[in-house]
Amino acid sequence: MIEDPFLSLNVEKSIQKHRLIYRTGFFMLFSYMMYCLMTVAGIFVLRLFGALIIKLTGAPSYMETLWGIAVVIWALIDTWVMHPTLKINGSGDSASNRKLLHEALTIKYPRASRMKNTKAYVRYQKGRIYPSLSTSISCLFDGGDVYLNVMSLGRGDSLFAFFGIINYYRCKRLAKSLSKENKEKYECSS
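Just so we're on the same page, my numbering is the position in the sequence shown counted from 1, plus 74.
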């Protein structure tokens, strides 16, 4: 049985720290270890490619080392920006915010369906883009404020850190569009 990482979300700590905080279990550790393993494997392939270029041309090439450094930096940044939430300052109670947010999300993402709905947070899942890749939109409510997070999910709805930077900018665009649609209700602050 696959452990759902969203069941173990600690909403109070997530709102406090402005990032999604999960109870760390085997599934989460396995996901991070696989991501690190794939990054190391990518660097190893780049080194082999560089050695092949040196063998064929006879000239030393440092391009694979630069690519390796770029991949490591990108992987670290991707892992760091995968879980932060974007705060949208709102007014009123969380019930009216929840209704406005649902209307705005269903307009912006017509294929999104509500997967988890509790008093403290709502999680939407946008349909599959590719056969094994979908998008999750998490919305945390704290009084009038709303905290958004967008992340990619891989096969079996496991966290997929590869698109962390892209998802962070998707989240910013979503927050801006929510602020534009409901000018009197929301104010975006990052």
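Just so it is clear, CB atoms sit at the ideal spot from N, CA and C, and this is done for glycine as well.
- In summary, Q199 is buried, with 16 or more beta-carbon neighbours lying within 10 Å of its beta-carbon over all protein chains present.
- K91 is classed as exposed because its beta carbon has fewer than 16 other beta carbons within 10 Å across all chains shown.
- In chain order, G164, F215, G218, V220 place their CB closer than 7 Å to the CB of N171, counting only its own chain and leaving out the 5 sequence neighbours on each side.
- When secondary structure is reduced to three states using DSSP, Y243 falls in the helix class.
- The closest CA to that of W141, considering only T131, W154, V119, is found on V119.
- Shortest Cα-Cα distance from W148 to any of A235, C245, A249 involves A235.
- In this structure the stretch 239-252 does not lie against the stretch 120-137, because fewer than three pairs of beta carbons, one per stretch, are closer than 8 Å.
- Boundaries of the alpha helix (DSSP H) around I89: 85-91.
- Taking C-beta separations shorter than 6 Å and ignoring five residues to either side along the sequence, T192 has no partners in its chain.
- Within the model, the alpha-carbon separation for Y136 versus V146 is close to 16 Å.
- T159: not part of any alpha helix (DSSP H); DSSP gives it neither H nor E.
- Sequence-distant partners of N223 (beyond 5 residues in either direction) whose C-beta falls short of 6 Å from its own C-beta, in its chain, are L94, T159, S212.
- For I240, the number of other beta carbons within 10 angstroms of its own is below 16, and it is reported as exposed.
- Here DSSP, grouped into helix, strand and coil, assigns K173 to helix.
- For F236, no alpha helix (DSSP H) encloses it, and the DSSP letter there is neither H nor E.
- Within its own chain, the residues whose Cβ lies closer than 6 Å to the Cβ of V196, once the five positions on either side in sequence are excluded, are C213, listed in chain order.
- When only Cα atoms are considered, H157 and I128 end up about 40 Å apart.
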